[in-house]
Structure formats: structure tokens, C-alpha cells
Amino acid sequence: MKISKVHIKNFRNITDVLLPMFGVTVIIGNNNSGKSNFLRAITLPLLSDDLGTGSKNLGWMDIGDKAKKNYYDYIKSNKKDLCAGVIDKDAFIEVTPTVSVVIDFRVDGAEGYAMKDFVVSFSDDGNANYQLAYSFSCKKPQELLNHVIGVLRASENEDLDDLKLNLLPIDLYSYSIYVPLKDKNLNYDNLRLLKYNSIAAERDDFSTSSSRLGSKPLVQLLNKKLPVSSMMHIEKEYARFFEQIKSHTGMEEILNWQEYSEVTNASEFFSKISILPNMPPMASLLSSVKLGYEESNLALQGLGHRNLILQLVIINSLMEASNALFSLLTVEEPEAHLCYSNQKIMNSFILNVVNKNDDLQLIYSTHSTQFLDKVDLSNIILLNNGEGYAFADEFEVEEMNYLSKNPNLDLFKLFYSRKCILVEGLTEELLIKSYFKTKQNTLSDIEVISFHKGFKKIIDIWLKLNKNTNNKLGIIRDFDNQKNAQLEHEKYNTHRNISIETTIEYTLENDIVAYKNNFDILKEYFHKNYEWENIETREQLSAKWIGGKAEVMLSFCQDMGNDDLKEFELPAHINKVIKFLEEKEEVGVAIED
């Protein structure tokens, strides 16, 4: 059994996303894109298995900003009618913010009977559709309306922006977990079949104390693995251990002094005084166990190694101890603090575990390409500003295959960069990166990626994923005496978030030498540093430079910014792209042809 689809509305920065889920789902996106919010939201309808607990009740800050803005704008626009008490109740209820999460399940075979209470409908082929929903809403809208009217009447001349919490009192909100289309909440017996565990990104200090997360998975695993016979044996051993303590402390003569006293009749007044064992609950007893590595405390291991061990223990705990019909595991950034080799180990481990367990589903967020399957990109979800895009929905199969067939393409750089330049080869990449390096006292977030000829397919893919963003893409290409190819590529300049420029001459070195005073500067530079001869014309210098290609360009770029190249300028086509990317303006909207 697996979650097949999730619909999240008005949770933090997620306004409204409907996305497919897979056995292993990978969430990618920039910082503040909504990855952690997505992982938190999808667990709201499920019961926690206590590895990463979270309250089902939400706070004012958890309600989506857009939903709250719509609500407050409505109050401002209708303040007069609200104060007069003539507002339409249904219209008010419609704008009242509600957080909702609806999960669709794909249920197989015999699991259908256990999930019968989750059936919401039947498809045309007779198969049942299963859903579970979470809602955080105002259950008494009339009471909220009366409260808002009271606040408005009492604050006639005040700025409503200063009264946001009073206008939306969270104590009138509560959560419910239910099956859509059925007018009743689910009980614990239903919900206990569906559980989740979470591994949060903030796990750096887990091994420094037994009360922290490092020991908790181990304690749970030990506790759940103990049969009744073992618990009885532990209790007997605890009593024996206690007797040893008594015998070595010499407390008997102190407590039962009447039996050893010179007062001959003292024992007539006092019975035997005992120290009785006070065995704590099994979980408390086991909490004294602490994670270690071989014979040393785990805290003595490196941070990355500790994180690797923690995740392995938690996942094994989930596998060994869970008795739920379905288990969801969410992990934030499994690569955190892990070296390259440990990332490979971690990725291999979690995929092996999921593949062997039909009732476990894994969703994780990542910034590492080690946790992407380049052979199959269909399970990737890209989040950006609270909006989600599933590769399986956005791309055709041939488009995903196109990305997979480019082994040197860094998907994160291409899809995450706010400003990205694609170039045809290493020489352009070295030149532009060196130029940015020489710009002192300035910050730059422009990424440069070497690609190859034929950018149109990658532009189409980039546009799909950046249709609602402010990201920009620049492309620098060589003319190569191909006028038709230049025209085909430059058609994309109709999009305000794309700039494509082509060399005037045949290739890059020709344009560099021909631009402004570069010829005189470069002639002196190459004669002085490389003892080049016969470079009296632009054509001769360009030909010599092209012959040296990457090796010469590398040395040239290393010297860029030195006194010999202080007056050197980038050619016009590169300058245009950089200027376009550095412009501060709202972008991301395609202009119709």
C-alpha cells in the first residue's frame, strides 16, 4: 500500500498543490521553497510512531499567508457592513482560512478489507478509491464572525494590520482527521494502521545526551523487540542486581538496627525494615542505553559519521518495530554532513530498505545529486515558492531521457540557479567565471554551466520548471557559420526571462580579439608571456589562440585581473547576457509571440 497522491492547501507557504507520490519520492528545491513544509504537511493526517513527533494542532503562523491576506483584505473591504452586522455569513465563511491535506492511497489485494473505512468512491472498473484528510479550521464560524464584528466596533480608528491576531483568533480553530465525503471523524483503531516517522534536518546534537534523539530510536527498537518472557527475565535480574547493591552498601545494620542493638527488647517494637526495588518502566530502564561505536561513545565520532549511524538506526527501528499496515518515512536532507562515500552508502541503504518492504513509503528532500536517480527522474518533485511540479507530469518521457543522457549536467545548478548561463564549452566557462572572480567588492549568484550545441530542448525544459519564477537563463553560443541555427535559438528571446546571444565571428576567440582595444592588449600579453610571434593581425592572433584552446584559456583566465590585462573587456555578446542577468526587475512571465 502506498500514498498515490497528496493535495495540500494553505499550509505555510504552500497555497495549493496537488502532486503524485511514488514508492520513493524525491523533493528538490531552493531554500525557502517549501520542502520542509511539504514533508510536515503530508504527515498531518497520519499518526506518529514517535521518532519525530509533531502536534496535530497548528498555530497562526502555520496558516498560509495568501489565505490570511485574502481573509484580511475581505475584512478591510467590508468593514462598514461588518460593523453594521449586515454581512453575508456564507461569504465570510468562504474567505475564512482553512488548512487541509487530502491523501489518496493505492491499496492492493487483501489490504482492501483493513482499509474499508477509508473508501470514498468506486471507479468505473469497480476498484475502490481510498482517502484520508486532515483539516485545521474554525468549527464555529458564527462565533468567529461575532468576534470579528466586536473587534472592529471596538477599534474603529485603529490600523487593522495591527490587529491581525485578534481578527483571526487561533483558539477558535481545531483540527480533525476524517474520510472525505463521510460526516464522521476516524477513531484511533482506524488511524493506528497508518503511521509515519520523520527524521528532521536539525539532528546535529543527537548523540551528545541520552535524552536526545540519538538514543530514542534505539530505546524504541529495544522496547518493541522485547517479548513478555524477556521482560519477566529483566525484572528478575533487576531484583538480583538490587540485592547486590544492598549487600555491598552495608545498609542492613543501619536500617534494622533493632536486631543488632544492645537494647534487648528493641525488636519487639519494630519489624524488619526493607529496601524494596523500584523498577522503572521498561522504556525508562532502557533509556540509560546510549548509542556508541565499537567501544567508544558515539559523540566521539565525527559529525557526519554520527548522522549516518543515526539514520541507519532509525530506519532499522522502523523496519523492525512497526506493526502498522502502512508506514511513511520522511527525511530532510539525508546527505547532511555526510561525505561523498557515506552519501552513496546512505542512498543505497534507504533504497534497498524501501524495495524490500511493500508497506513502507519514503519521501525525502535533498540538495545532493547523489540522492537523484539519473536513470529515472520520474519520481522527482520540484518545489519553488510553495508551488510544486512533478517531473512525471511536466515532462514527456523523451524529455526526461534527454536529461538522463547528459551525464555531466548538474540538475541542481540548472534548475535551482536564480541566474544561470549555459555555454558551449570549457573555454567560455573559464572566461566568465574568471571575470566574476575579478569583480571585487561585489556579490554574484550567477551560475555558469558548460553544455553542448543545441540548447533548444534544454530551454523548453527550463521554461516548464520556471514558468512562475523570477529566475533567469542566459545562453552564449558560437556562430559557427550557421545563421539558421542562430535564428532558431534567438526566437526564445521573446521570453522576458531568457537572453540568447551569439558570437559575431565564427567562434569565441575571434570575438574577443575583435572587441574594442582587446587586440593590442592581447598581442602584448601573448608576446610577453608566451613569446608568440606572427600575431600582427587579428586573424593571426585568433588562429593561434584557437589552436591553444583550453590550456591557453586556463592560463589567460588565471592572469585575468593582473596589470597586463587590466584594460581587457569581455566581448559584446557575453556582456549583454551578464547585463541582462544582473538587471533588477520582475521576470518570469513569457511574452506571447
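Residue numbers (UniProt numbering): 1 to 593. C-beta atoms are modelled at their ideal positions from N, C-alpha and C, and glycine is treated no differently. A quick note: this is a predicted structure, and the numbers were derived from the prediction, not measured.
Check your understanding: Roughly how far, in whole angstroms, is the beta-carbon of G64 from the beta-carbon of T25, given that I think they are within contact range, below 8 Å?
Key -> Going by Cβ atoms, the distance from G64 to T25 rounds to 22 Å, so no, they are not a contact pair.
Check your understanding: The beta strand (DSSP E) spanning C420 covers which residue range?
Key -> 419 to 423
Review point. Do N307 and L338 have their C-beta atoms closer together than 8 Å?
Key: In this structure, L338 lies closer than 8 Å to N307 by Cβ.
Review point. Any contact of the stretch 570 to 587 with the stretch 452 to 465, i.e. 3+ C-beta pairs under 8 Å?
Key: no
Point to revise | Status (buried if at least 16 other CB within 10 Å, exposed otherwise) for M553 | key: Classification for M553: buried.
**Study point:** Y530, enclosing alpha helix (DSSP H) - first and last residue
**Key:** 518 to 530
Exercise for review: Evaluate W545 with the Cβ neighbour count: other Cβ atoms within 10 Å of its Cβ, from every protein chain shown; 16 or more gives buried, anything less gives exposed.
Suggested key: buried
Check your understanding: Out of curiosity, what's the CA-to-CA distance linking L310 and N316?
Key -> 10 Å
Practice item. Select from H248, I42, R240 the residue whose C-alpha is nearest the C-alpha of P277. Key: R240
Practice item. Hey, could you find the ends of the beta strand (DSSP E) C138 is sitting in? Key: 128 to 138
Review point. Taking V577 as the reference, which of A41, V448, K523, V95 has the closest Cα?
Key: V448
Exercise for review: Inspect the CB distances between the stretch 554 to 561 and the stretch 425 to 439 and report whether three or more fall short of 8 Å.
Suggested key: yes
Exercise for review: Entirely within the stretch 154 to 186 and at least 4 residues each: give me those alpha helix (DSSP H) ranges in chain order.
Suggested key: Within the stretch 154 to 186, the alpha helix (DSSP H) runs of at least 4 residues that lie entirely inside it are, in chain order, 164 to 167.
Review point. Does the distance from the CB of L465 to the CB of E394 come in under 8 Å?
Key: yes
Review point. What's the call for M115, buried or exposed, on a 16-neighbour Cβ count within 10 Å?
Key: buried
Practice item. Could you tell me whether the Cβ atoms of Y238 and M282 are closer together than 8 Å? Key: Not closer than 8 Å, so no.
Check your understanding: Alpha carbon to alpha carbon, what distance is there between E398 and G29?
Key -> 23 Å
**Study point:** Neighbourhood of T507 by C-beta distance below 6 Å, restricted to the same chain and skipping five residues each side
**Key:** D478
Review point. Per DSSP, D104 is paired with what?
Key: K5, Q131
**Study point:** Unbroken stretches of the alpha helix (DSSP H), 4 residues or longer, contained in the stretch 527 to 584
**Key:** 538 to 559, 572 to 582
Check your understanding: Would you say L132 and F122 are within 8 Å of each other, going by their C-beta atoms?
Key -> no
Check your understanding: How do the stretch 91 to 105 and the stretch 31 to 49 stand: do at least 3 beta-carbon pairs fall below 8 Å, yes or no?
Key -> yes
**Study point:** Sheet register partners of R477 (DSSP bridge)
**Key:** Partner residues in the beta bridge of R477, as assigned by DSSP, are T502.
Point to revise | Buried/exposed call for S207, threshold 16 Cβ in 10 Å | key: Confidence in S207 is poor, its pLDDT being 46 and thus under 50, which makes the residue's placement too unreliable to answer from.
Point to revise | Of the residues I421, G548, P141, N342, the one placed nearest E575, counting alpha carbons only | key: A small correction: the amino acid at residue 575 is Asn; Glu does not occupy that position in the sequence shown. Nearest of I421, G548, P141, N342 to N575, Cα basis: I421.
Exercise for review: Can you tell me which of the three DSSP states T15 falls into?
Suggested key: strand
Point to revise | Reduced DSSP category for G388 - H, G, I as helix; E, B as strand; rest coil | key: strand
Practice item. Evaluate the contact criterion for the stretch 172 to 179 versus the stretch 78 to 94: three or more CB pairs, one atom per stretch, below 8 Å. Key: As far as the Cβ criterion goes, the stretch 172 to 179 does not touch the stretch 78 to 94, which means the pair count is below three.
Practice item. Within its chain, find whatever has a CB closer than 7 Å to the CB of E567; leave out the 5 residues flanking it on each side and keep chain order. Key: N517, I521
Review point. From which residue to which residue does the alpha helix (DSSP H) around L329 run?
Key: First-last for L329: 326 to 332, but that is the beta strand (DSSP E), not the alpha helix (DSSP H).
Check your understanding: Is P141 helix, strand or coil when you go by DSSP?
Key -> helix
Practice item. Pick helix, strand or coil for S317, following the three-state DSSP scheme. Key: helix
Point to revise | Cα-Cα separation between Y134 and V17, rounded to whole angstroms | key: 15 Å
Review point. Is it true that the CB of H573 sits closer than 8 Å to the CB of I498?
Key: no
Review point. DSSP on V228, reduced to helix/strand/coil?
Key: The three-state reading of DSSP puts V228 in helix, counting H, G and I together.
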